[in-house]
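J.:
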Amino acid sequence: MNGPDFAPPGPAPTGCRHYAGMGARPVTVDGLAGTRFRVWAPHARAVAVALAPGNERAALYAGADGLWEGFVPGVGHGDSYAFRIESARGEVLAKADPYASACELPPGIGSRVWDLAYRWWDADWMRARAGRRAADAPLSIYEVHLGSWRAAEAGERFAGYRRSADELAPYLMRLGFTHVELMPLVEHGDYGDWGYRSGSRFAPSARYGTPQDLMYLVDRLHQAGLGVILDWVPASFPAESHGLVRFDGTPLYEGGRARAEGDEIAFDLTDDAVGAFLIDSALYWLDTYHIDGLRLSGVDRLLRGQPGADDFLRRLTRCIHAEHPGVMVIAEADEADEALRTALTRPEAVGGYGCDLAWNLAWVHDALDYFVRDPGQRHYHQGKLMDAAAGAAAARSVLPLAHAEVVYGRRALLEKQRGDSWQKRASLRALFGLMWAFPGRKLLFMGGELGVACEWDPRGCLDWSLENTPANAAIQRWVADLNHHYRAHPALHAGDAAPGGLEWVAANDASDSVLAFLRRPAREEEPTLLVACNLTLLPRFDHALGVSRGGWWTELLNSDAEAYGGSGLGNQGGLAAQEVDWHGQRHALALTLPPLSVVFLESPR
Numbered sequence: 001m002n003g004p005d006f007a008p009p010g011p012a013p014t015g016c017r018h019y020a021g022m023g024a025r026p027v028t029v030d031g032l033a034g035t036r037f038r039v040w041a042p043h044a045r046a047v048a049v050a051l052a053p054g055n056e057r058a059a060l061y062a063g064a065d066g067l068w069e070g071f072v073p074g075v076g077h078g079d080s081y082a083f084r085i086e087s088a089r090g091e092v093l094a095k096a097d098p099y100a101s102a103c104e105l106p107p108g109i110g111s112r113v114w115d116l117a118y119r120w121w122d123a124d125w126m127r128a129r130a131g132r133r134a135a136d137a138p139l140s141i142y143e144v145h146l147g148s149w150r151a152a153e154a155g156e157r158f159a160g161y162r163r164s165a166d167e168l169a170p171y172l173m174r175l176g177f178t179h180v181e182l183m184p185l186v187e188h189g190d191y192g193d194w195g196y197r198s199g200s201r202f203a204p205s206a207r208y209g210t211p212q213d214l215m216y217l218v219d220r221l222h223q224a225g226l227g228v229i230l231d232w233v234p235a236s237f238p239a240e241s242h243g244l245v246r247f248d249g250t251p252l253y254e255g256g257r258a259r260a261e262g263d264e265i266a267f268d269l270t271d272d273a274v275g276a277f278l279i280d281s282a283l284y285w286l287d288t289y290h291i292d293g294l295r296l297s298g299v300d301r302l303l304r305g306q307p308g309a310d311d312f313l314r315r316l317t318r319c320i321h322a323e324h325p326g327v328m329v330i331a332e333a334d335e336a337d338e339a340l341r342t343a344l345t346r347p348e349a350v351g352g353y354g355c356d357l358a359w360n361l362a363w364v365h366d367a368l369d370y371f372v373r374d375p376g377q378r379h380y381h382q383g384k385l386m387d388a389a390a391g392a393a394a395a396r397s398v399l400p401l402a403h404a405e406v407v408y409g410r411r412a413l414l415e416k417q418r419g420d421s422w423q424k425r426a427s428l429r430a431l432f433g434l435m436w437a438f439p440g441r442k443l444l445f446m447g448g449e450l451g452v453a454c455e456w457d458p459r460g461c462l463d464w465s466l467e468n469t470p471a472n473a474a475i476q477r478w479v480a481d482l483n484h485h486y487r488a489h490p491a492l493h494a495g496d497a498a499p500g501g502l503e504w505v506a507a508n509d510a511s512d513s514v515l516a517f518l519r520r521p522a523r524e525e526e527p528t529l530l531v532a533c534n535l536t537l538l539p540r541f542d543h544a545l546g547v548s549r550g551g552w553w554t555e556l557l558n559s560d561a562e563a564y565g566g567s568g569l570g571n572q573g574g575l576a577a578q579e580v581d582w583h584g585q586r587h588a589l590a591l592t593l594p595p596l597s598v599v600f601l602e603s604p605r
């Protein structure tokens, strides 16, 4: 374990970063402890700080560039406050601090002064982080909604940042994931919107603990070798009277032609100051909380409907990569817009947006559309899997079996499958096997690894008793072994970016619903993997598949193994390739393919 690092109040301003000094900062002036407040309200007639609990007021003074600021003695860590803004028309507006580091526990709406000092123990992780962002590095993400991952204990509303840290880190290490993606943790008034509608851009939700508790969560995960990705929403903010809407009596953040969707208001991205505010927010989470990646939600809607969005997104990715070279920017893109998905991950120098990865929702929906079919009818729809494979092979994709697929009546992944309980579990294992075998980074929402039968309930929690149920524990074991082999075999991750990283062996065997392909590594000295899938209820014996090398091929993984809840049918640990031309290859294997299965075999070195 490395020695401690102390987080400063905020880095010095750069061309990208302007948040230092904004909001409320505990300071000592001439030996007098207090807080310096600063807020941007260029059209205000007067601004004061209203202090809880007595609503005492301290006037702020107008400075340059529309900033109001002042030092208030005696106000310190943990104290609540709001800004009292008098507009040019004489309206008096009570507003939360846009730059607040902490907020009151909802339903409270006040901001809180907060000292962000924390002793970090993750220097080793931070020094090595840039290497994990490489295009050929494995990336397997476990998506978590913190409020429903674990049940609250006595005296708790939620499990919280600290207890989640102590349970999440060892769990993800055991299951072999490389990263966790946290659904939005910014403070939000309505728990039911999961954090995707928030006027707070800098404060972590007080529902789960303090800012230092969140730092502990990230620190603990880093010490366990796990990266942390945070969902971040750049497009809009809610129309809350205490929030950003008409902040100084004018449409300061939304612009004069604000676009509203329901009770959401679009940011005015044509205004450089508004763009700087959002970039401040992104950099703040990376600076203050050591976050390793941002997943940008709703990028397709942002780019289609908001003037200035193109320039803003390029500026955002440019600033993130300049200030934090090891941090990933992951974009969510519409499933139907392949051109946008490609543009998102293209470098800015050639007209792209500079994101590192983009969610491939087309893959998700093609794959799920196939697996919801009756196994006896799947041969009519094998084109869906071919489409899914083509999408997965697209450069810089994340294949996300995310929260949106298992909520609002869409059913749990297990319950999307057809057949009796054994067949559903076998099909789910096959779906996971294909996902880990195809090119593309992996993302699985919590509970998928347990084979839960109920769709996600944000107000409940996962049923952890399923770990003691053999059938569910077997699915969990399958996911863990997929992760460990994915990380151990460069053909399954480094081959994503390599030409010919996926080579079809049997792509047109629709009559038997057999699909087979080779995953080739970037370096010839590494072994090639054969992935063979039988997606019907009938076993296939002596099924010939062409392979690239002679010799002994080792069966690495078989989703039908008894350890994973299957029947135990397989290839007895491996088999020798015969020298015969087949499927355009010079050798062939006569395989046993269990029903509803995915089998991985490794070539001789």
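For the sequence shown, position 517 matches number 517 in UniProt numbering, and the numbering has no gaps at all. Even for Gly, the Cβ is constructed at its ideal location relative to N, Cα and C. Predicted, not measured: the structure shown is a model, and the values here were computed from it.
From G249 to L93, what distance separates their C-alpha atoms?
T.: Taking the straight line from one Cα to the other gives about 8 Å.
J.: Around the C-beta of Q578, are 16 or more other C-beta atoms found within 10 angstroms, so that it is buried, or is it exposed?
T.: With fewer than 16 other Cβ atoms within 10 Å, it is exposed.
J.: Would S281 and E332 qualify as a contact pair, given that the criterion is a beta-carbon distance under 8 Å?
T.: No, Cβ-Cβ distance for S281 and E332 is not below 8 Å.
J.: Opposite S236 in the DSSP bridges: which residues?
T.: Its beta-bridge partners are A266.
J.: Give me, in chain order, the residues of the same chain whose beta-carbon lies closer than 6 Å to that of A516; leave out the 5 immediate sequence neighbours on both sides.
T.: So the qualifying residues of the chain are V505, A506, A532, L545.
J.: Jot down the residue ranges of each uninterrupted alpha helix (DSSP H) in the region 110-196, minimum 4 residues, whole runs only, in chain order.
T.: 123-132, 146-149, 160-175, all fully within the region 110-196.
J.: Which value, in whole angstroms, describes the spacing of the CA atoms of E524 and E254?
T.: One C-alpha to the other measures close to 54 Å.
J.: With the cut-off set at 8 Å, would you say A588 and V580 are in Cβ contact?
T.: A contact, by the Cβ cut-off of 8 Å.
J.: Can we say the region 193-206 touches the region 459-472, given the rule of at least three CB pairs closer than 8 Å?
T.: No contact exists between the region 193-206 and the region 459-472.
J.: Under 8 Å: do the region 559-566 and the region 375-393 share three or more Cβ pairs, one atom per stretch?
T.: Segments in contact, no.
J.: Tell me whether the beta-carbon of L443 lies closer than 8 Å to the beta-carbon of L399.
T.: In this structure, L399 lies closer than 8 Å to L443 by Cβ.
J.: Just how far apart, CA to CA, sit A358 and Q212?
T.: If I take the Cα positions, the gap works out to 31 Å.
J.: Leaving out five residues on either side along the sequence, give the residues of the same chain with a beta carbon under 6 Å from the beta carbon of H381.
T.: Same-chain partners within the cutoff: Y370, R373.
J.: Taking C-beta to C-beta, are W478 and S603 nearer than 8 Å?
T.: No, Cβ-Cβ distance for W478 and S603 is not below 8 Å.
J.: How about Y216 and Y161: do their beta carbons lie closer than 8 Å?
T.: In this structure, Y161 lies closer than 8 Å to Y216 by Cβ.
J.: Pick out whichever of H145, P521, H489 has its Cα sitting closest to the Cα of P458.
T.: Measuring from the Cα of P458, the nearest candidate turns out to be H145.
J.: Below 7 Å CB to CB, which residues in the same chain sit around G209 once its five sequence neighbours on both sides are set aside?
T.: The residues are G160, Y161, R162.
J.: Within 8 Å, do at least three Cβ pairs link the region 35-44 to the region 63-70?
T.: Segments in contact, yes.
J.: What would DSSP say about R304, mapped onto helix, strand or coil?
T.: In this structure, R304 counts as helix in the three-state DSSP scheme.
J.: Just to confirm before moving on: does the CB-CB distance between A309 and L283 stay below 8 Å?
T.: Cβ distance not < 8 Å, so A309 and L283 don't count as in contact.
J.: Tell me the rounded alpha-carbon separation between P107 and H188.
T.: Distance between the alpha carbons of P107 and H188: 9 Å.
J.: What's the gap between the Cα of A12 and the Cα of A20?
T.: A caution first: A12 carries a pLDDT of 42, below 50, which makes its placement in the model too unreliable to give a value.
J.: Is the region 337-357 touching the region 42-52, taking contact as three or more C-beta pairs under 8 Å?
T.: Too few Cβ pairs lie closer than 8 Å, so no.
J.: Which residues mark the beginning and the end of the beta strand (DSSP E) in which F600 is found?
T.: Taken as a continuous stretch (DSSP letters only), the beta strand (DSSP E) holding F600 covers 597-602.
J.: What does the alpha-carbon distance come out to for the pair A273 and D97?
T.: Each residue's Cα considered, the two are about 16 Å apart.
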